[in-house]
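So the structure is just underneath, and the comments pick up after that.
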Amino acid sequence: MIVALLSSFAACSKTEKVTIYATARSGGWLWSRPEPGSKKETTDTGGYAVLRKVYDLEKTAKLAVDLGNWFSETPEGYLTKGAAVADCMNAIPYTVSALGPEDLTLSPSDLEKLVRASSFTVLASNLYLRNNRKPAFIKSQQVITSGGTKIGFMAVTVMDPEKFNIRRYFPNYKLEKESYEIERAFKALKESGARITVLLLGVNPKKQAGKDFYTAFLDKLPRLDLIITDDPGLKKPIRVNKAWVMPVPPRLTAAARIELSIDPDTGRLVNARFKNIRLEKDKYGEDAGTLKTVTRQRAVITRLFSRRVGAAASDIRKTEDSASPLGNFTADCVKRWARSDASIINNAVLDGDILKGPVTDGDLYRVLPFDTSVVFVKIRGEDLKRAIETVSRDISVSGMEIRMQGPAVERLSIGGQPVRPDHIYRIAVPDAIVNDKDYSLLSSATEFVNSKRFLREVLGWCFSRHAVTPKPDLNRIIRTE
């Protein structure tokens, strides 16, 4: 009995170690900064330079992986279309990365440029172009040898954990059914000699997957060894169908350290240990080489932000009394640029004030942080009236006057004339009004065309023409109970 126990202990002690450092949804957070909600205001956390320091401390065989969603949360991310993030990731260096749904807002040409600038392999097993072809610059699977063990990686994105294995469409891409693509990638990895199989599982950041999802999802798949996921709802590791499921923290304030114990004779994964490492600058310091890369990217953004586009003759506030001067100005600007009968702006897209003086690109990104584009809509008068009753809770308008009686439109005029029920009007709006499920313009429109010009660009066009003084007519929408 004692001999058996000693033999078992000896076998365990001889396992080979490979450590995976995993990050997810960095969103363009390149450098260390105070952590949101931290009790210590001076505590700087996160960033690639701190991650590199932590990574260099690792003594076992190691590799770094990422789950995607690289650039959408910060100007330094989306202004460079992810290039700044890829540059910093190259400095770690990462081995493989998945793509998140927010990365798929890039056009195929921009995405290809980003992938080709990356020193690591980019995986997206269930990603296709709309023409049913796989993007030539993205792989479905990859075998990596680490510590003498061949580890096979694949990656899929699940947009809705409650309705997985359903084909999903994006403007330029489609996501095929996950199970089928995982089976194909798994077979290819095994044929390439992979002893351990790892799935990088991206979950829509707006959704959460519970344990029931993993049970149902993995039940339809070949036996995987390890699932690394950015699921917002998973906070601790779980074991499902003999597979380890490991969560990854977002925004690069922390990294997941996943230590694999591998039987050297069989190559089988016998254990996996998880630790969440907060990337504390004071504790670990910053790698000088990576910090140099980060500093270079910050300088690029500073130059972009400082470019002057025009001037404001007075302050233009997002909110003043019950109206939005900035919303009204933006609506005027869009109407003039689009040469439409009227325009509607949902004030939720605005995120700040424009102050008197020079207006820079940085100001435009500050007040319009999201890539909202302008859409041309043709709509009948009676349908427009009903649509306004849906969106009227926080909007600004140009070219129209509205009198609301409670939630109903009592009077609606365009160009000083009452709206005719059967007449078709040309209205310019942000795409959020067209796409948001809470709004009804899309279902009511007889025609709509995306201008493919960002609202931010149109606002810059207005400022570039002359020093802007907003009109004083704030009450374009009159509400009575």
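Residues 858 to 1338, numbered by the working numbering, are exactly what the sequence shown covers, in order.
Think of the CB as a built atom: it goes at the ideal place given N, C-alpha and C, for glycine as much as any other residue.
ask   = Quick one: what's got a C-beta closer than 8 angstroms to TYR905's C-beta in the same chain, skipping five residues either side?
value = LEU887, TRP888, CYS945, MET946, ALA948, ILE949, LEU1109, THR1147, THR1150 and VAL1151
key: Limits of the unbroken beta strand (DSSP E) element including SER1200   = 1199-1203
message = Taking contact to mean 3 or more Cβ pairs, one atom from each stretch, closer than 8 angstroms, check whether the segment 1171-1184 and the segment 925-939 are in contact.
response = no
For GLN1065, the three-state DSSP class (helix, strand or coil) = coil
query = Between VAL1315 and VAL1206, is the Cβ-Cβ spacing less than 8 angstroms?
reply = no
query = What residue does the alpha helix (DSSP H) around TYR1141 start on, and which one ends it?
reply = Run containing TYR1141: 1138-1141, per the alpha helix (DSSP H) assignment.
query = Excluding five sequence neighbours on each side, which residues of the same chain lie with their C-beta closer than 7 angstroms to the C-beta of VAL1286?
reply = SER1200, ILE1201, VAL1232, VAL1234 and LEU1298
query = According to the Cβ coordinates, are VAL1102 and GLY1317 closer than 8 angstroms?
reply = no
task = Please go through the segment 1160-1196 and give each complete alpha helix (DSSP H) segment of 4 or more residues, from N-terminal end onward.
result = 1182-1195
key: When LEU1117, ASP1076, SER976 and MET1257 are compared against ALA940, the one with the closest alpha-carbon   = SER976
task = Keeping to the same chain, check which residues put their C-beta closer than 7 angstroms to that of VAL911; ignore five residues upstream and five downstream.
result = ALA1112, ILE1134, LEU1136 and TYR1141
inquiry  = Between the segment 984-1004 and the segment 1057-1064, can you find at least three pairs of beta-carbon atoms closer than 8 angstroms?
reply    = no
key: Opposing strand residues paired with TRP886 [DSSP bridges]   = Beta-bridge pairing links TRP886 to no other residue.
query = Sorted by chain position, which residues of the same chain lie with C-beta nearer than 6 angstroms to ILE1334's C-beta, five sequence neighbours on each side aside?
reply = The residues are ILE1259.
request  = Going by DSSP, name the residue or residues bridged to THR1072.
outcome  = BP columns for THR1072 are empty, so no partner.
task = Classify LYS996 as buried or exposed, calling it buried when 16 or more other Cβ atoms lie within 10 Å of its own Cβ.
result = buried
query = Which residue or residues does DSSP assign as beta-bridge partners of TYR985?
reply = LYS1031
query = Using 8 angstroms as the Cβ pair cut-off and three pairs as the minimum, do the segment 1039-1049 and the segment 1087-1097 touch?
reply = Result no; under three Cβ-Cβ pairs closer than 8 angstroms.
ask   = Can you give the beta carbon distance from ILE1115 to ILE1085, rounded, assuming they're within the 8 angstroms contact cut?
value = Between ILE1085 and ILE1115 the Cβ distance is about 7 angstroms, and since that is below 8 angstroms, they are a contact.
query = On the premise that ASP923 lies in contact with THR880, defined as a C-beta separation below 8 angstroms, what is that separation, rounded to the nearest angstrom?
reply = 5 angstroms
key: the segment 950-958 contacting the segment 999-1016, beta-carbon criterion three pairs below 8 angstroms   = yes
message = Assuming the contact rule is C-beta atoms closer than 8 angstroms, TYR951 and ALA921 should be a hit. Round their C-beta distance to whole Å, please.
response = Sure, about 5 angstroms apart at Cβ, within 8 angstroms.
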